[in-house]
Amino acid sequence: MPETIKKPETIKKIVTVVGARPQFVKAAVVSRSLRRRPSLREVLVHTGQHYDANMSDIFFEQLGMRAPDYNLEVGSDKPARQYATIMERLLPVLESERPDALMVYGDTNSTAAAAITAVTLGIPVVHVEAGERMFQRKDMPEEVNRILTDNLATLNLACTERARCYLIKERQAAHRIKMVGDPMYDLFLMTKAAVEEKAERLAPGYGLEENGFCLATLHRPQNTDDENVLRTILDALDDADMPVVLPVHPRVTKKIDRMEWQPRNNLRLLDPVGNRDLIDLLLHCAICFTDSGGVTREAFFAGKPCIVPVLANWWPDIVESGWAMKISPSRENILSHLRTFRPCVEAPVELFGDGNSAGKIADALEELLLGRGDLSPWNYDS
Ligand code: UD1
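Residue numbering for the sequence shown is 997 to 1378, as defined by my numbering.
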């Protein structure tokens, strides 16, 4: 007789808030895993922080995500006004949905604004990718967002052991912290399998040879706001010994257009690409150059050396493993490290979990909402 699934007596509702590219990627796998739990129901809210088709829609399409239940359409703005607009528009959604918990990812303005809104209504916050610390607030608005959200969250889900330890050191109660691994690693494994199954690779279409090019991404204000810094990086990538392909963030495209900068040699500028195409390029490049935390991790998962033009405490497990190298972005540094940086050690396994982070996040939510009940949002003492 086929096994019948018993309808659960209580169904708990989770509102997930996403707004920017890295969150779509993580939510794609976690939402899929939540849908398999009859006791959990997810309502998806998109703040609209990222709104261009190739910054948002493409992720929903390619990752097979269902359309958001709400889009707050906040668009781009100065951080303080962006927080304010998100809070104002999220408030009525939370008041009418009355969820049992709100889940947020990472460290963007959408993450912090949603967490603050939920806490004002007494809704417990679950924070995925909690606890990472760069120890640099000046150039990193994300650091402030993450610290705020970690401190407001009832449950902090860390994707590395190191992040869990930072939270313990900050005297957060141990029962409010769980190391679940990185849902981006789950998705990477699935995407890699799908890319390898495809007969056609993306790189040859761009005239690139397998293992013969650099995949670059660049979007941090510290590397892109100042024209001289941006020009130095672009000139160096253009003069690299190998072809460099750079899918350009819209903020950087606007800057490049204003500077009237054009590549003359080895740099190819592309429109932003979805996650599947990024992984396709990553799996077939020789080396990666990025100031994105997500792409640094994906390069590590793909077993590709990665040069990072950021000097903060940047994904230290990857840097210490020898697979990423932090540099200050001078022309000499960029050119010499692109030429010579090749790790000569094996990448450590399971730094970011075992590929079942999404399942562990669903377990943690069930435990929080259906289990012991000792995680009231206001019970911070252990
Ligand atoms: C945001 C996150 C960053 C994350 C990144 C991923 C914050 C503080 N930063 O940075 O942590 O790594 O997303 O991409 O939340 N723009 C468009 N179209 C869009 C989105 C943005 O043209 O769809 C342009 C606008 O000019 C905007 C600028 O990009 O002002 C910056 O966008 P914003 O969302 O503020 O920050 P990101 O740099 O994307």
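Beta carbons are placed, not taken as given, at the ideal position from N, Cα and C, and that holds for glycine. None of the values given here were measured: they were computed from a predicted structure.
Residue environment, residue i, which counts as buried when at least 16 other CB atoms sit within 10 Å
i            : result
residue 1048 : exposed
residue 1114 : buried
residue 1171 : exposed
residue 1340 : exposed
residue 1088 : exposed
residue 1293 : buried
residue 1015 : buried
residue 1131 : exposed
residue 1345 : exposed
residue 1051 : buried
residue 1038 : buried
residue 1108 : buried
residue 1142 : buried
residue 1301 : buried
residue 1168 : buried
residue 1085 : buried
residue 1006 : exposed
residue 1106 : buried
residue 997  : In this predicted model, residue 997 has a pLDDT of only 49, less than 50, meaning its place in the structure is not dependable; the value taken from the coordinates is given anyway. Burial call: exposed.
residue 1078 : buried
residue 1146 : buried
residue 1192 : exposed
residue 1195 : exposed
residue 1139 : buried
residue 1322 : buried
Beta-carbon spacing of residue i, residue j below 8 Å
i            : j            : result
residue 1248 : residue 1215 : yes
residue 1243 : residue 1222 : no
residue 1102 : residue 1217 : no
residue 1151 : residue 1364 : yes
residue 1238 : residue 1210 : yes
residue 1280 : residue 1189 : no
residue 1220 : residue 1288 : no
residue 1068 : residue 1042 : yes
residue 1097 : residue 1119 : yes
residue 1160 : residue 1173 : yes
residue 1153 : residue 1126 : yes
residue 1255 : residue 1227 : yes
residue 1343 : residue 1296 : yes
residue 1234 : residue 1197 : no
residue 1180 : residue 1290 : yes
residue 1187 : residue 1275 : yes
residue 1059 : residue 1090 : no
residue 1328 : residue 1033 : no
residue 1307 : residue 1324 : yes
residue 1347 : residue 1313 : yes
residue 1133 : residue 1162 : no
residue 1379 : residue 1029 : A question about residue 1379 goes unanswered here, because the residues of the chain that appear run from 997 up to 1378.
residue 1330 : residue 1232 : yes
residue 1155 : residue 1351 : no
Whole-number beta carbon distance between residue j and residue i, since they are thought to touch under 8 Å
i            : j            : result
residue 1013 : residue 1070 : Actually they do not touch by this definition, with Cβ atoms about 11 Å apart.
residue 1121 : residue 1148 : 5 Å
residue 1054 : residue 1270 : 4 Å
residue 1236 : residue 1262 : 5 Å
residue 1137 : residue 1075 : 6 Å
residue 1379 : residue 1026 : A query on residue 1379 cannot be resolved here, the shown segment of the chain reaching from 997 to 1378 and no further.
residue 1021 : residue 1183 : 6 Å
residue 1298 : residue 1311 : Rounded, the Cβ-Cβ distance is 14 Å, inconsistent with contact.
residue 1334 : residue 1303 : 6 Å
Any non-hydrogen atom of the ligand HEM within 7 Å of residue i CB
i            : result
residue 1067 : In the structure shown, the ligand HEM is absent; the only ligands present are the ligand UD1.
Checklist line | Continuous alpha helix (DSSP H) assignments of at least 4 residues falling wholly in the region 1025–1093 | finding: 1053–1058 and 1075–1093
Note to self: Threshold first: 3 residues or longer. Then list the beta strand (DSSP E) segments lying entirely within the region 1226–1310, N to C.
What the structure shows: 1240–1243, 1263–1266, 1283–1286 and 1302–1304
Item checked: Inside the region 1137–1181 only - alpha helix (DSSP H) runs reaching at least 4 residues -> 1137–1148 and 1157–1165
Item checked: In chain order, each beta strand (DSSP E) run of at least 3 residues that lies wholly inside the region 1315–1347 -> 1320–1322
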